[in-house]
């Protein structure tokens, strides 16, 4: 039976500033497999297998280390305010290429999962074409070659 639980990823973004994101993980035989696309957490992708630590004080799981990479790439697209009406159009275009995505509307972010078995080149070209005009993007966890 597969259970799901939240795992917290804490990362330092400045000297005294941290960001935390919780991701759903499938739990199978004491292995935690990331089950959604990260918006904030760096160097992690949908399907990665991770090690966690349980904090007794706050009764939460926290990311500890990687066990195995899924081979998927995570890209975050930061859509400029003037183009927020285009978010669904962007997502549909990426879906045509075989990608999954999730949206964080309050910050106009599209988190994109590029599965390991599809070509990254046409996705990269699409992202580059919109860069600086409609959005900026970052390859948060790049597992593909181009």
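Residue numbers (the numbering used here): 279 to 424.
Ideal placement from N, C-alpha and C gives every residue a C-beta, glycine not left out.
Roughly how many whole angstroms lie between the Cα atoms of residue i and residue j?
| i | j | result |
| --- | --- | --- |
| residue 407 | residue 285 | 35 Å |
| residue 385 | residue 311 | 26 Å |
| residue 368 | residue 380 | 11 Å |
With a threshold of 6 Å on Cβ separation, who are the neighbours of residue i within its own chain once the five nearest residues in sequence on each side are excluded?
| i | result |
| --- | --- |
| residue 321 | 419 |
| residue 342 | 329, 330 and 331 |
| residue 405 | 415 |
Under a Cβ-count criterion, where at least 16 other Cβ atoms within 10 Å of its own Cβ denotes burial, should residue i be classed as buried or exposed?
| i | result |
| --- | --- |
| residue 397 | exposed |
| residue 382 | exposed |
| residue 363 | exposed |
| residue 389 | buried |
Which residue comes first and which comes last in the alpha helix (DSSP H) that contains residue i?
| i | result |
| --- | --- |
| residue 404 | 399-408 |
What residues in its chain sit with their C-beta under 7 Å from that of residue i, if we drop five residues either side in the sequence?
| i | result |
| --- | --- |
| residue 351 | 323, 392, 398, 417, 419, 420, 421 and 422 |
| residue 296 | 288, 289 and 290 |
| residue 332 | 339 |
Ordered along the chain, which non-local residues of its own chain (more than five positions away) have a Cβ less than 8 Å from that of residue i?
| i | result |
| --- | --- |
| residue 400 | 375 |
| residue 403 | none |
For the beta strand (DSSP E) containing residue i, name the first residue and the last one.
| i | result |
| --- | --- |
| residue 282 | 281-292 |
Handout entry: Contact the region 297-310 vs the region 356-374: 3+ CB pairs below 8 Å
Key = no
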